[in-house]
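Engineer: My questions all concern the structure below.
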Amino acid sequence: NVVGTTFNKLVLENTDDVIVTFYAPWCGHCKKLEPIFAQLAELLKNNTQLKFAKIDATKNDVVGHAIESFPTLKFFPGNNKSNVLSYEGNRTAVEIANFIKEKASYPIEIPEAVNNITAPKDPAEFEGEELDMEKGGNSVEAVSYTHLRAHETVLDLVCRLLLEKKKKKKKK
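Going by this note's numbering, the letters in the sequence shown line up with residues 200 to 371, in that order.
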């Protein structure tokens, strides 16, 4: 995490490419983007001249970078920090990764696993559904934490299981 007092040092005063998410903790779109951004950062961590950062824009002002909506993604190229690029595309891992690769000052390798990163499911999609697990009934407590995928919350897991249930019903 970056704060207003560390922004220059961590983002501007180096030659690394840096992509920054300016977020608001209460923002639903920010909450949906956060796990995508975190997984993308993990998958691209071998690109040593690429850094991922996030800053709570409701608590930190950054001179010269007015934020009008949340989340806002800005790319700071390592070879030209004054040429800040705003990301305006879809908030998918693949599109963000392709944007980074296209704008990067250094060669970026994008692993195939980026295609597997998806946004958490919207719980409203499952209104009225019951989770019927083969062993354990309809209780979320029956869901073992070993079922969780990387960066997945219990709610994401329940939504994923409900989607799988719907798919099985459609096949019948």
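Yeah, the Cβ is synthetic: ideal placement off N, Cα and C, and Gly gets one too. As the structure is a computational prediction, the values presented were derived from the model and not from experiment.
Quick one: is Pro310 buried, meaning 16 or more other Cβ sit within 10 Å of its Cβ, or exposed?
Structural biologist: By the 10 Å Cβ count, Pro310 comes out exposed.
Engineer: So is Glu329 buried or exposed if we call it buried at 16+ other beta carbons inside 10 Å?
Structural biologist: Because Glu329 sits at a pLDDT of 48, beneath the cut-off of 50, its placement in the model cannot be relied upon, and the point is left open.
Engineer: According to DSSP, is Leu209 part of a helix, a strand, or is it coil?
Structural biologist: Leu209 falls in the helix class under three-state DSSP.
Engineer: Are there 16 or more other CB atoms within 10 angstroms of the CB of Ala296, so buried, or fewer, so exposed?
Structural biologist: By the 10 Å Cβ count, Ala296 comes out buried.
Engineer: Quick one: grab the DSSP three-state call for Phe298.
Structural biologist: Three-state result, Phe298: helix.
Engineer: Using 8 Å as the threshold, is the region 203-212 in touch with the region 282-290, meaning 3 or more CB pairs across them?
Structural biologist: Segments in contact, no.
Engineer: Looking only at C-alpha atoms, which of Ile218, Glu363 and Thr204 sits nearest to Lys302?
Structural biologist: Of the candidates Ile218, Glu363 and Thr204, the one whose C-alpha sits nearest the C-alpha of Lys302 is Ile218.
Engineer: Keeping to the same chain, check which residues put their C-beta closer than 7 Å to that of Ile316; ignore five residues upstream and five downstream.
Structural biologist: Excluding positions up to five away in sequence, the list reads Ile235, Gln238, Leu239 and Ala292.
Engineer: For Asn314, which residues of its own chain have a beta-carbon under 7 Å away from its beta-carbon, when the five flanking residues on both sides are left out?
Structural biologist: Excluding sequence neighbours, Asn314 sits near Val293.
Engineer: Return helix, strand or coil for Ala240, following the three-state DSSP convention.
Structural biologist: In this structure, Ala240 counts as helix in the three-state DSSP scheme.
Engineer: Tell me whether the beta-carbon of Val201 lies closer than 7 Å to the beta-carbon of Ala252.
Structural biologist: Against a cut-off of 7 Å, the Cβ pair of Ala252 and Val201 comes out as a contact.
Engineer: Taking only the alpha-carbon atoms, compute the straight-line gap between Pro306 and Ala318 and give it to the nearest angstrom.
Structural biologist: Taking the straight line from one Cα to the other gives about 26 Å.
Engineer: Give the straight-line distance between the Cα atoms of Tyr222 and Thr257, rounded to the nearest whole angstrom.
Structural biologist: Straight-line Cα distance between these residues: approximately 8 Å.
Engineer: Could you give the first and the last residue of the continuous beta strand (DSSP E) run that contains Ile254?
Structural biologist: Looking at the DSSP string, the run of the beta strand (DSSP E) that includes Ile254 is Leu249 to Asp255.
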